[in-house]
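Order-wise, the sequence lines are chains A and B.
113 is the number that our numbering gives to position 105 of the first sequence; each next residue is one higher, with no gaps.
110 is the number that our numbering gives to position 106 of the second sequence; each next residue is one higher, with no gaps.
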Amino acid sequence: DTAVSQTPKYLVTQMGNDKSIKCEQNLGHDTMYWYKQDSKKFLKIMFSYNNKELIINETVPNRFSPKSPDKAHLNLHINSLELGDSAVYFCASSHPLPGAAYEQYFGPGTRLTVT
Amino acid sequence: LAKTTQPISMDSYEGQEVNITCSHNNIATNDYITWYQQFPSQGPRFIIQGYKTKVTNEVASLFIPADRKSSTLSLPRVSLSDTAVYYCLVGDMRDDKIIFGKGTRLHILP
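Below, the structure written as structure tokens:
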């Protein structure tokens, strides 16, 4: 009965490839996020989506693009993968209410390795 | 967002009470204090949130002094499974995003 799920859990690919990571939440939340956690374990927000509207877009390369087919899904597409993209990517969700951004539910993460 | 300072790491033993203190000297009036827990190879998990004095739930207690310039996460009678990284976050509830710092790596020993 997973609340926030991500696929795949592991992704190994070569430089220059295009890949996608999928995220689904069954919590009925309206806001979803993507985070990147690098090798030093710093967790940084990349995107935030609310009802299919992008509300936060941190300074990430435009090779990264979030796609939300519906409010329960927020997929992350990455074009022309680079070595520096290797990291663990987490999806999260929360209610859109004021303050709810501080109570986020995270997925299990996708470990991306670019060779 | 208010900057937070936490110890990089802590060790403790099973059965002990563990207190992790977070400093946030420039906390603003509208800021709340939130703690997350992250186990290895998992996403962070919300533990507790508070504004002042004391908050307690089934997992932990959060102590916040009157000046709110620091806060202490208290974990009662820890077990090996409490080994994780604990993040202290401070920010305005009206913010659309939260910022994770470096966290405190807690290692529980048998």
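C-beta atoms are modelled at their ideal positions from N, C-alpha and C, and glycine is treated no differently.
What you are looking at is a predicted structure, and each value in this text was computed from that prediction instead of being measured.
So which residues of chain A does ARG81 (chain B) contact, with C-beta pairs closer than 8 Å? Sequence index remark: in the second sequence, residue 81 (chain B) carries index 77 (1-based). In chain order: nothing, as chain A lies at least about 25 Å away.
Measuring only the C-alpha atoms, how far is ASN129 (chain A) from ASN87 (chain A)? In the structure as shown, chain A begins at 9 and stops at 123. Residue 129 (chain A) is therefore absent and cannot be evaluated.
Is the shortest distance between the beta-carbon of LEU62 (chain A) and the beta-carbons of chain B less than 8 Å? To locate residue 62 (chain A), count along the first sequence from 1; it is residue 54. For LEU62 (chain A), the closest Cβ of chain B is not nearer than 8 Å.
Does the stretch 55-74 of chain B come within contact of the stretch 28-37 of chain B, defined as at least 3 CB pairs closer than 8 Å? Touching, yes.
Contact set between ARG72 (chain B) and chain A, taken where Cβ atoms lie within less than 9 Å: Along the second sequence, one-based indexing puts residue 72 (chain B) at 68. The premise fails here: ARG72 (chain B) is roughly 16 Å from chain A at the closest Cβ pair, so nothing lies under 9 Å.
Going by alpha carbons, who is nearest to TRP39 (chain B) out of B:ILE112, B:ASP96, B:ASP99, B:GLY107? On the second sequence, residue 39 (chain B) is found 35 positions in, with the first residue counted as 1. Nearest of B:ILE112, B:ASP96, B:ASP99, B:GLY107 to TRP39 (chain B), Cα basis: B:GLY107.
Assigned exposure category for ASN23 (chain B) - 16 Cβ within 10 Å defines buried: On the second sequence, residue 23 (chain B) is found 19 positions in, with the first residue counted as 1. So ASN23 (chain B) counts as exposed.
One or two residues paired with LEU84 (chain A) in a DSSP bridge: Walking along the first sequence from the start, residue 84 (chain A) turns up at place 76. DSSP lists A:ILE29, A:PRO74 as partners of LEU84 (chain A).
Length-filtered (3 minimum) beta strand (DSSP E) runs lying within the stretch 76-107 of chain B: Runs of the beta strand (DSSP E) inside the stretch 76-107 of chain B: 88-96.
Output, in chain order, the set of chain B residues within a Cβ distance shorter than 7 Å of GLY115 (chain A). Taking the first sequence and counting its residues from 1, one reaches residue 115 (chain A) at position 107. Going along chain B in sequence order, the residues near GLY115 (chain A) (Cβ under 7 Å) are GLY47.
Quick check on PRO112 (chain A): buried or exposed, where buried means 16 or more other Cβ atoms within 10 Å of its Cβ? Here residue 112 (chain A) corresponds to residue number 104 of the first sequence, with the count starting at 1. Inspection of the sequence shows that residue 112 (chain A) is occupied by Gln rather than by Pro. Burial of GLN112 (chain A) is indicated by the presence of at least 16 other C-beta atoms within 10 angstroms of its C-beta.
Along chain A, in chain order, which residues have C-beta atoms closer than 8 Å to that of ILE102 (chain B)? As a first step, residue 102 (chain B) must be located in the second sequence, where it is residue number 98. The contacting residues are ILE53, ALA109, TYR110, GLN112.
Rounded separation between VAL63 (chain B) and SER102 (chain A) - CA only: The residue you call residue 63 (chain B) lines up with position 59 of the second sequence. The residue you call residue 102 (chain A) lines up with position 94 of the first sequence. Rounded to whole angstroms, the separation of the alpha carbons of SER102 (chain A) and VAL63 (chain B) is 20 Å.
Proximity winner among A:VAL12, A:ILE64, A:MET23, relative to LEU120 (chain A) (alpha-carbon distances): Taking the first sequence and counting its residues from 1, one reaches residue 120 (chain A) at position 112. Measuring from the Cα of LEU120 (chain A), the nearest candidate turns out to be A:MET23.
With PHE98 (chain A) as the anchor, note down where its beta strand (DSSP E) starts and where it stops. Locating residue 98 (chain A) in the first sequence gives position 90, counting from the first residue. First-last of the beta strand (DSSP E) with PHE98 (chain A): 95-102.
Min CB distance SER94 (chain A) to chain B below 8 Å: Along the first sequence, one-based indexing puts residue 94 (chain A) at 86. No, SER94 (chain A) does not count as interfacial toward chain B.
LEU93 (chain B) touches chain A at which residues, Cβ-Cβ below 8 Å? Counting from 1 along the second sequence, the entry for residue 93 (chain B) is found at position 89. Under a criterion of Cβ atoms nearer than 8 Å, the residues of chain A adjacent to LEU93 (chain B) are, in order, TYR110.
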